[in-house]
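In case it helps, my numbering puts the sequence shown at residues 260 to 505.
Note sheet for the following structure.
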Amino acid sequence: MNIAQQIGEANRSLSLDSAALDFVKYAKALMATRGQYDDALALATARGASSRLQKMLETPATLINKAGDDLLLKSPVGVGSIDGGTWGGDALAPFQQASTAFVQSLAPFSAFDRILSDGGFMRMPLRTRISIASTAALGSSVSELAPKPISAMSFALQQLEAYKAVALLVISDELAKSAAPGANDLFANELRKAVAVANDTRFLQVISESTGIASNPSSGLTTTPSWPTWPQRSMRSKSVPGRSYI
Numbered sequence: 260m261n262i263a264q265q266i267g268e269a270n271r272s273l274s275l276d277s278a279a280l281d282f283v284k285y286a287k288a289l290m291a292t293r294g295q296y297d298d299a300l301a302l303a304t305a306r307g308a309s310s311r312l313q314k315m316l317e318t319p320a321t322l323i324n325k326a327g328d329d330l331l332l333k334s335p336v337g338v339g340s341i342d343g344g345t346w347g348g349d350a351l352a353p354f355q356q357a358s359t360a361f362v363q364s365l366a367p368f369s370a371f372d373r374i375l376s377d378g379g380f381m382r383m384p385l386r387t388r389i390s391i392a393s394t395a396a397l398g399s400s401v402s403e404l405a406p407k408p409i410s411a412m413s414f415a416l417q418q419l420e421a422y423k424a425v426a427l428l429v430i431s432d433e434l435a436k437s438a439a440p441g442a443n444d445l446f447a448n449e450l451r452k453a454v455a456v457a458n459d460t461r462f463l464q465v466i467s468e469s470t471g472i473a474s475n476p477s478s479g480l481t482t483t484p485s486w487p488t489w490p491q492r493s494m495r496s497k498s499v500p501g502r503s504y505i
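Here it is, written out as structure tokens:
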């Protein structure tokens, strides 16, 4: 890797770290203000929020106002998306950047996300039927004049389902409102641990179910999480006195 590539990789890493931190600050701001986006925006702006974080907190009001205008005009509304030039692209792009960066930051905490980050998995569209080789082709080493063994492959069809990991976290109001770097690191790491445990737990369950290892006690494979928490990638906020929920 030459110097230019090293500089490019360093800039990319800094950009991902910044986007992942915006994801954490977005969650903490909503928890600190009990889900009130206007108050969360004011709080984040006062603490020097990035332009991406400000857009994320402004998005709900922007989309609601646009929907109201379209209803008054009775005009047809095209389908929005996070890609392309539709109305959803500009509004939802910051969320895509922050969530993607947060997922990529899970690699040090999760075996599944480490393999995914290193390109060890073949990426396929969700909810599609795929063929899986249940018996792989086998090679053999034989002498020059010996017969060459023939191996046969067998395949099984399987539906590629989508799974969602969900967690309910409770923290104090002091932690939610704290702007100290240690508070952000604690909150971010706990979120990452929760996501990592859920991903690895489901990953091991799929492996054990498809290979039959789970029915073999001598395998030593367990799908029990290391932490008693489950992750959350989509968030809702609510509160009771002295506690914040996300």
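Beta carbons: idealized from backbone N, C-alpha and C, even for Gly.
Secondary structure of residue i, DSSP reduced to three states
i: A370; result: helix
i: I409; result: coil
i: S400; result: coil
i: V429; result: strand
i: A415; result: strand
i: S310; result: helix
i: L463; result: helix
i: L375; result: helix
i: N261; result: coil
i: K423; result: coil
i: F282; result: helix
i: T292; result: coil
i: P384; result: coil
Integer Cβ distance of residue i from residue j, believed to fall under 8 Å
i: A278; j: A360; result: 3 Å
i: R461; j: S364; result: R461 to S364, Cβ: 19 Å. No contact.
i: L302; j: A288; result: 6 Å
i: F371; j: D459; result: 5 Å
i: L419; j: I389; result: 5 Å
i: A396; j: V283; result: Wrong, their Cβ atoms sit about 46 Å apart, outside the cutoff.
Residue i burial status per 10 Å Cβ neighbour count (16 or more: buried)
i: Q356; result: buried
i: V362; result: buried
i: L416; result: exposed
i: T394; result: exposed
i: I430; result: buried
i: F414; result: exposed
i: S369; result: buried
i: S474; result: Unreliable positioning characterises S474 in this predicted model, as indicated by a pLDDT of 46, which lies under 50. A coordinate reading is not provided.
i: T292; result: buried
i: A350; result: buried
i: A457; result: buried
i: M315; result: buried
i: M412; result: exposed
Residue interval of the alpha helix (DSSP H) (run including residue i)
i: A301; result: Y296 to A305
i: D432; result: D432 to K436
Residue interval of the beta strand (DSSP E) (run including residue i)
i: A392; result: R388 to T394
beta-carbon residue i near the ligand SAH non-hydrogen atom, thresh 7 Å
i: A308; result: With respect to the ligand SAH, the structure shown offers nothing to examine, as it has no ligands at all.
The region 286–300 in contact with the region 374–390 per 3-pair CB rule at 8 Å: With the cut-off at 8 Å, the region 286–300 and the region 374–390 do not touch.
The region 432–442 contacting the region 404–424, beta-carbon criterion three pairs below 8 Å: Segments in contact, no.
Touch test, the region 444–458 against the region 304–311, Cβ-Cβ under 8 Å, three pairs minimum: The region 444–458 and the region 304–311 do not touch, with fewer than 3 CB-CB distances between them shorter than 8 Å.
The region 366–379 in contact with the region 403–415 per 3-pair CB rule at 8 Å: Touching, no.
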